[in-house]
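Protein chains: 2
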Amino acid sequence: MRVLILGGDGYLGWPTAMHLSAHGHKVVVVDNYLRRQVCEELDIAPLYPVPRLHDRARRWHAESGYTVNVHIGDLCEWEFISGIFESFRPEAIVHYAEQPSAPYSMLDRRSATLTLQNNISATANMIFAVREFVPDAHIIKLGTMGEYGTPDIDIEEGWIDIEHKGRKDRFLYPRQAGSLYHTTKIMDTDLLWFYVRTWNLRVTDLMQGPVYGVKTAETNDPSLRSFLNYDEIFGTVLNRFVVQAIAGYPLTVYGAGEQTRGYLNIIDTMNCIRLSVETPADKGELRIFNQVVETFSVNELAGRVAEVGKTLGIDVTVNTVENPRKEREEHYYNPVYTGLKDLGLEPHPLTDDSLADIIETIVPHKQNIREDLFLRGVRWA
Amino acid sequence: MRVLILGGDGYLGWPTAMHLSAHGHKVVVVDNYLRRQVCEELDIAPLYPVPRLHDRARRWHAESGYTVNVHIGDLCEWEFISGIFESFRPEAIVHYAEQPSAPYSMLDRRSATLTLQNNISATANMIFAVREFVPDAHIIKLGTMGEYGTPDIDIEEGWIDIEHKGRKDRFLYPRQAGSLYHTTKIMDTDLLWFYVRTWNLRVTDLMQGPVYGVKTAETNDPSLRSFLNYDEIFGTVLNRFVVQAIAGYPLTVYGAGEQTRGYLNIIDTMNCIRLSVETPADKGELRIFNQVVETFSVNELAGRVAEVGKTLGIDVTVNTVENPRKEREEHYYNPVYTGLKDLGLEPHPLTDDSLADIIETIVPHKQNIREDLFLRGVRWA
Chain B
1 MRVLILGGDG
11 YLGWPTAMHL
21 SAHGHKVVVV
31 DNYLRRQVCE
41 ELDIAPLYPV
51 PRLHDRARRW
61 HAESGYTVNV
71 HIGDLCEWEF
81 ISGIFESFRP
91 EAIVHYAEQP
101 SAPYSMLDRR
111 SATLTLQNNI
121 SATANMIFAV
131 REFVPDAHII
141 KLGTMGEYGT
151 PDIDIEEGWI
161 DIEHKGRKDR
171 FLYPRQAGSL
181 YHTTKIMDTD
191 LLWFYVRTWN
201 LRVTDLMQGP
211 VYGVKTAETN
221 DPSLRSFLNY
231 DEIFGTVLNR
241 FVVQAIAGYP
251 LTVYGAGEQT
261 RGYLNIIDTM
271 NCIRLSVETP
281 ADKGELRIFN
291 QVVETFSVNE
301 LAGRVAEVGK
311 TLGIDVTVNT
321 VENPRKEREE
331 HYYNPVYTGL
341 KDLGLEPHPL
351 TDDSLADIIE
361 TIVPHKQNIR
371 EDLFLRGVRW
381 A
Chain V
1001 MRVLILGGDG
1011 YLGWPTAMHL
1021 SAHGHKVVVV
1031 DNYLRRQVCE
1041 ELDIAPLYPV
1051 PRLHDRARRW
1061 HAESGYTVNV
1071 HIGDLCEWEF
1081 ISGIFESFRP
1091 EAIVHYAEQP
1101 SAPYSMLDRR
1111 SATLTLQNNI
1121 SATANMIFAV
1131 REFVPDAHII
1141 KLGTMGEYGT
1151 PDIDIEEGWI
1161 DIEHKGRKDR
1171 FLYPRQAGSL
1181 YHTTKIMDTD
1191 LLWFYVRTWN
1201 LRVTDLMQGP
1211 VYGVKTAETN
1221 DPSLRSFLNY
1231 DEIFGTVLNR
1241 FVVQAIAGYP
1251 LTVYGAGEQT
1261 RGYLNIIDTM
1271 NCIRLSVETP
1281 ADKGELRIFN
1291 QVVETFSVNE
1301 LAGRVAEVGK
1311 TLGIDVTVNT
1321 VENPRKEREE
1331 HYYNPVYTGL
1341 KDLGLEPHPL
1351 TDDSLADIIE
1361 TIVPHKQNIR
1371 EDLFLRGVRW
1381 A
C-alpha cells in the first residue's frame, strides 16, 4: 500500500516508516523538523544524536534494502502538502505531524500559539488534501488517551451510548483534556468527525497512551533508533524515569503519584499502526481505538523501575516533586481497549525482562545524561 | 461596567454596543471589517448600506449622548489586542469576533482556512489577553445551538450527567456540528473549558439559535440599524424569508423543511447579553446557556411568513429547493432553555404583530432587493 507518514522524523514517525516499509508498503515520510528546532531553542538534547531523515533513509536502505522517500517541508503550507498528495497519491496517511508536548504547549503564549496553529492547520490541510486528491484514502490519525481526561466513569473506545430522559443516542465520548496540546487533539477529533460525516472520509483515530522504549524490530543498527528524550518537555514518563535511575537522580514523581494512565511499548505502537493501515476503516466511518495495553499509576512505574534497577545493580530513589500540572492526583481510571486486540494486536506488556532491556539499552549512554533537563520549571497555572 | 465588544460591527455587535452603553456601561468596540470584506469579495450587499463604526458611534452619540469607543484592527494580531486590553482593562468581554457564516465556511478551501484560523486565533488571543491583563474579567462568548447538532435526546444547557455502568459523572454535553463554522464554535468551547479549569477563568458561553429582526430599543434613527443580510451566505433564515416574500420570490425551503431550531428576536439577544454581563459567572465557572426562546421548523417559519404576509397584502409562495447542506431534514429536537429566563429574560416570542413589524420595516427597501443573492450555490458535499 502507498503510505504517507506525516511527522516522519518523530519518536514514532521514523520507526513507523521502517516498520511499514519492512512489511512491504511503499512509504513516503514528511517532516519540517519542528521538534528539533524547538529542542534547539530550549537547549534540550535527546540522549544520543539522531541522523536527519535523508541520512536515516539511506542507512535504512543500506541495512535492509527497503526504500523510504523523504520530503522536508511544512504541512501548514498548502503548496507543499498538495504537491506531495498529488504526486504520491497515498492510499493511507499516518498523521503524527503535531507539536506533541503537553508542557511545551503550556510554556508561554508563543508556544501555545505555535501548538494551536501548527496542529489545527496541519490536520485541516491533510483533510483538504485527502478530499481533493485521494478521497478514498484512509486517514490514520494519532490522537491521545489524554483527550478523555480522567472521568469518573469507564472510558469507552471513542463512542458512548447515552440514555437520557427515556431516549437514547450515540455520541463521541465526552472529552476534557489536561493541557493545550491535548486540547488540540480534541479539536482534531472535532474536525475529523465533521468531515467524516460531510465528505464521507475514512478515518481511524487512535487514542494512544504514553509510549516507552526505543528498540523496534527494525533497529538492529543503533543509528536507526528513534529519539530518546528524557527531559521534562519532550520525554515520556517511563523513559524519563529510566534515564533518571541510570543517572542516580531521584525519580521525579509529580505530587501524590496516583495519576494513572494506559501505556504501551513502542513495539506495540508499530503493530497498532500497521494493523490499522492494513485493515482500513469504512468510508464515512470514524473508527476510534484506545491504543494502550495496560494501565499503571506513576507510583507503580517508579516502583517497577526501582525494583528492576536493583536487579541490575542500580540504586534507585524516588522523590516527590511539586506537581507542575493541574490534574487529579488520585482518581478512577478504567479504559476499555479491546478494539486493536480484535484487529490482531498481540500486546507486549511491561515485564521485568522488557524493562531490564530498556535500562540496558540506555546504560551505555550514561555519560550523555544532562541532569538540568529533568526539571525545566514549566507550570500549568 | 467596562465592556469590550469584539466583533462590534456585526449584526449583533453594533446593537449590543448601543444597548450596553444605553444601560450605563462603558463600551469599547473592536472590529476588522472582515465580514464587510468577504461580502465585497463575494458581491454580496446587505439590504441597505450601513455606516462604518466610527460614523455609527458619532451618530449614536448625537442621538443618545452615549459614547462608544471604536478600534479597528485584527484580533489575530497580538500587538493590537494586547494594547486594547492593557489600556481599557475590561471587566467584561463580549466575544462575537468570528467568521459567522456556515455556508461561507463550506465554500472552498480558502474560506474554510480563513474561518478556522480567524475563529480559533481570535478566541485564543482573547483568552491569553484576559489571563495577562484582566484575569478576573468575565468572558461572554457567543457560541451556537448548532454545536449540539440534532441529537435524538433532549438538549440540556451545555452540560449532561451521564450514568454509565453503575457510575456517574458530569460532562460537557456532546457536540456534533453541521458545518465547519459551527465546528469552530465547538473548538472554542474546548479551548474555553480547558482554560477555565487551568487558569480559573470566568466564562459564560451562550449557545444561541438563529436570530431575526433588525430593530432594537436603540434604533430610532434608522441609520443606526444593524446589517440586514438576506443572501444565502450571511442571511439568517427568517430574515431571508421576509425579504424573499417582499420580493415576490418563492421562499427557499431546503429539502423536507422539517429542520427544527431554536430562534430568538434580536431584542432578546440584547437582553441575554446584558443580563449575562450584569450577572457574571463565577471564577473557574464555564456557565452555559441555551439562548433561544422558542423552536420552529423551517416549514413553520415559511408558513408564518405566508400567513402574516397575506394580512399585509403580500402573496407568498413557498418553493422546495434541493438541500445544499448535509443535515437531517426530519429529526427530534427538544432543547432546554431556562437559564436565561432564570437570570431575568422576558422573551419576545414571534407573534403575528412582531412578524408584521419586521415585514413593514423591510418593505420600504424593496427596490434594493437583488434576487441573485437568494441562492449562491454553496454545496456541503
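Listed in order, the protein sequences are those of chains B and V. With my numbering, letter number 207 in the first sequence gets 207, and the count goes up by one each step, no holes. One gets my numbering by counting positions in the second sequence from 1 and adding 1000 to each. Where a beta carbon is used, it is the ideal one built from N, C-alpha and C, also for glycine. As the structure is a prediction and not an experimental result, all values here were calculated from the model.
Can you pull out the residues from the segment 167–186 of chain B whose beta carbon lies closer than 7 Å to at least one beta carbon of chain V? R167, K168, D169, F171, L172, P174, Q176, A177, L180, T183, I186
Under 9 Å Cβ-Cβ, which residues of chain B neighbour T1113 (chain V)? W78, S121, A124, N125, F128
Whole-angstrom distance between F1194 (chain V) and I1186 (chain V), CA atom to CA atom: 12 Å
Measuring only between beta-carbons, confirm whether W1164 (chain V) sits less than 8 Å from chain B. Residue 1164 (chain V) is actually His in this sequence, not Trp. Closer than 8 Å: yes.
Decide yes or no for the touch test of the segment 1102–1112 of chain V against the segment 1079–1092 of chain V: beta carbon pairs closer than 8 Å, at least 3 of them. no
Would you report the Cα separation of H1023 (chain V) and S1297 (chain V), rounded to the nearest angstrom? Straight-line Cα distance between these residues: approximately 35 Å.
Separation of E1098 (chain V) from L1142 (chain V), as counted between CA atoms: 9 Å
Which first and last residues belong to the alpha helix (DSSP H) in which Y1104 (chain V) is found? 1102–1105 is the span of the alpha helix (DSSP H), which, as asked, contains Y1104 (chain V).
What residue range does the alpha helix (DSSP H) around N1118 (chain V) cover? Secondary structure note for N1118 (chain V): its alpha helix (DSSP H) is the uninterrupted segment 1109–1133.
Considering only residues of the same chain and omitting the five flanking positions on each side of F227 (chain B), which have a CB-CB separation below 6 Å? Y11, P46, V50
Beta-carbon contacts of E1371 (chain V) that lie in its chain and below 8 Å, excluding the five residues immediately before and after: A1247, Y1249
So, helix, strand or coil for M207 (chain B), using DSSP? strand
Does the Cβ-Cβ distance between V1292 (chain V) and Y1263 (chain V) come in under 8 Å? yes
Just to confirm, is the Cβ distance from H164 (chain B) to I1358 (chain V) under 8 Å? no
Contact set for C1272 (chain V): own chain, Cβ-Cβ below 7 Å, skip 5 residues either direction: L1206, Q1291, L1340, L1345
Around the Cβ of Q367 (chain B), are there at least 16 other Cβ atoms within 10 angstroms (buried) or fewer (exposed)? Label assigned to Q367 (chain B): exposed.
Distance, G1235 (chain V) Cα to R328 (chain B) Cα: Spanning the two alpha carbons is a distance of roughly 46 Å.
Of the residues B:A217, B:V203, B:T16, B:E156, the one placed nearest V28 (chain B), counting alpha carbons only: B:T16
Which of the three DSSP states is assigned to I1359 (chain V) in this structure? helix
According to DSSP, which residues form a beta bridge with N265 (chain B)? B:Y212
Would you identify the three-state DSSP class for Y181 (chain B), choosing helix, strand or coil? helix
Reference T144 (chain B), options B:W78, B:E258, B:H182, B:G313, closest by Cα: B:H182
Return the residues of the segment 1080–1109 of chain V that lie within a Cβ-Cβ distance of less than 9 Å from chain B, sorted by chain order. M1106, R1109
Given a cut-off of 8 Å, decide if G178 (chain B) and G213 (chain B) are closer than it, judged by their beta-carbon atoms. no
Do H1071 (chain V) and I1139 (chain V) count as a contact pair if the criterion is CB distance below 8 Å? I1139 (chain V) places its beta carbon 8 Å or farther from that of H1071 (chain V).
Threshold first: 4 residues or longer. Then list the alpha helix (DSSP H) segments lying entirely within the segment 1244–1327 of chain V, N to C. 1266–1278, 1298–1311
Can you grab the Cα-Cα spacing for the pair E1330 (chain V) / A1256 (chain V), in whole Å? 7 Å
Give the secondary structure of E1041 (chain V) by DSSP, where H, G and I count as helix, E and B as strand, and everything else as coil. helix
Contact list for the segment 1197–1208 of chain V against chain B, Cβ threshold 9 Å: R1197, T1198, W1199, N1200
Residue from V:E1360, V:P1364, V:E1040 whose Cα sits closest to the Cα of K1310 (chain V): V:E1360
Measure how close the beta-carbons of E147 (chain B) and R175 (chain B) come, nearest whole angstrom, since I'm counting them as under 8 Å. 5 Å
Can you say whether H1025 (chain V) is buried or exposed, counting buried as having 16 or more other CB atoms within 10 angstroms of its CB? When all chains shown are included, H1025 (chain V) counts as buried.
Indicate whether at least one CB of chain B lies closer than 8 Å to the CB of A1381 (chain V). yes
Considering only the alpha carbon of each residue, which of B:P222, B:L172, B:P349, B:W199 lies closest to R131 (chain B)? B:W199
What is the residue span of the alpha helix (DSSP H) that W380 (chain B) lies within? Per DSSP, W380 (chain B) belongs to no alpha helix (DSSP H) and is neither H nor E.
Would you please state the rounded distance, in angstroms, between the beta carbons of L375 (chain B) and V321 (chain B)? I believe it to be under 8 Å. Contact check for L375 (chain B) and V321 (chain B): beta-carbon distance about 7 Å, within the 8 Å limit, so the pair qualifies.
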